[in-house]
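Asks:
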Amino acid sequence: AAGVIQSPRHLIKEKRETATLKCYPIPRHDTVYWYQQGPGQDPQFLISFYEKMQSDKGSIPDRFSAQQFSDYHSELNMSSLELGDSALYFCASSSRTGGEGETQYFGPGTRLLVL
Amino acid sequence: QKEVEQNSGPLSVPEGAIASLNCTYSDRVSQSFFWYRQYSGKSPELIMSIYSNGDKEDGRFTAQLNKASQYVSLLIRDSQPSDSATYLCAVPFSYGNNRLAFGKGNQVVVIP
Numbered sequence: 164a165a166g167v168i169q170s171p172r173h174l175i176k177e178k179r180e181t182a183t184l185k186c187y188p189i190p191r192h193d194t195v196y197w198y199q200q201g202p203g204q205d206p207q208f209l210i211s212f213y214e215k216m217q218s219d220k221g222s223i224p225d226r227f228s229a230q231q232f233s234d235y236h237s238e239l240n241m242s243s244l245e246l247g248d249s250a251l252y253f254c255a256s257s258s259r260t261g262g263e264g265e266t267q268y269f270g271p272g273t274r275l276l277v278l
Numbered sequence: 132q133k134e135v136e137q138n139s140g141p142l143s144v145p146e147g148a149i150a151s152l153n154c155t156y157s158d159r160v161s162q163s164f165f166w167y168r169q170y171s172g173k174s175p176e177l178i179m180s181i182y183s184n185g186d187k188e189d190g191r192f193t194a195q196l197n198k199a200s201q202y203v204s205l206l207i208r209d210s211q212p213s214d215s216a217t218y219l220c221a222v223p224f225s226y227g228n229n230r231l232a233f234g235k236g237n238q239v240v241v242i243p
């Protein structure tokens, strides 16, 4: 079965640079979620989109922005990167109409390292 | 208070034994509960979802839910070395458009 696709898988940036992470949800999934997981931490919710509209916002810095496009893929844009942004970034997708109680399936993640 | 609590430290179990993991949550109106398995450096992998009080079995995994006590558990029977991972309990916020709140996770080590 098709899974959530994320790119790139690894990213190294310098402080104050920008980064763009991409997420392609499972086909026919209408909701995308972004989570950040620091070393030794549990995943923390950043932001979500349903049908291309922002549906919820968590602890996402103002330096970050995200959107969902007409083909349902989503991009997380991160500017003025800081050392503390180094983390694993996961995208998850779910379907509100799929009968699975909006179960979220996670992509493989992007490992971001800020130097 | 964290919304989802997993208080146990690392759990070491011999191969073939039962591993028991516990999770409590604070939102009384939560309706769905998930257990994810996460290997180091990898993404969370869904292993169990449960929505109704009682037990739900899937292979060697059994989830138990008690909404009155706000408690959900996971049993891993016949533990295998490949079960060595961190197990995350996750509960959607009832007011947050389904964002997941995770516990800190329980690290399980299965000793051959």
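Chains as they are written, first to last, in my numbering: chain Y, 164 to 278; chain B, 132 to 243. We treat Cβ as the ideally placed atom computed from N, Cα and C, and that holds for glycine.
1) Report the CB separation of R274 of chain Y from R179 of chain Y in whole angstroms; it is logged as a contact under 8 angstroms.
2) So what's P206 of chain Y in DSSP terms, helix, strand or just coil?
3) Am I right that L196 of chain B and F164 of chain B are in contact with their C-beta atoms under 8 angstroms? What's the rounded C-beta distance?
4) Of the residues B:E134, B:Q211, B:A150, B:I242, which one's Cα is nearest the Cα of R159 of chain B?
5) Spatial neighbours of A165 of chain Y within its chain, please: CB distance less than 8 angstroms, with the 5 preceding and 5 following residues excluded, ordered by chain position.
6) Output needed for S200 of chain B: all residues of its chain with C-beta closer than 7 angstroms, excluding positions within five of it in sequence on either side, in chain order.
7) Just how far apart, CA to CA, sit K276 of chain Y and A250 of chain Y?
8) Hey, how far is the Cα of N138 of chain B from the Cα of N153 of chain B?
9) Checking the sheet assignment: what are the DSSP bridge partners for I149 of chain B?
10) If you count every other CB in all the chains shown that lies within 10 Å of the CB of T181 of chain Y, and 16 or more means buried, which is it?
11) Going by Cα to Cα distance, which pick from Y:L239, Y:E245, Y:S228, Y:Q217 is closest to K176 of chain Y?
12) Just the Cα atoms here: how many angstroms apart are S213 of chain B and Y268 of chain Y?
13) Taking only the alpha-carbon atoms, compute the straight-line gap between Y190 of chain B and G203 of chain Y and give it to the nearest angstrom.
Replies: In short:
1) Between R179 of chain Y and R274 of chain Y the Cβ distance is about 20 angstroms, and since that is not below 8 angstroms, they are no contact.
2) coil
3) Indeed, because the Cβ distance is near 6 angstroms, the residues count as touching under 8 angstroms.
4) B:E134
5) I189, P190
6) Within its own chain, no residue has a Cβ closer than 7 angstroms to the Cβ of S200 of chain B once the five positions on either side in sequence are excluded.
7) At residue 276 of chain Y the sequence reads Leu, which differs from the Lys that was named. Whole-angstrom Cα-Cα distance: 7 angstroms.
8) 8 angstroms
9) DSSP, once it has assigned bridges, lists no residue as partnering I149 of chain B.
10) Only exposed fits T181 of chain Y, as fewer than 16 other CB atoms lie within 10 angstroms of its CB.
11) Y:E245
12) Looking at the two C-alpha atoms, the distance is approximately 21 angstroms.
13) Residue 190 of chain B is actually Gly in this sequence, not Tyr. Rounded to whole angstroms, G190 of chain B to G203 of chain Y spans 29 angstroms at the Cα level.
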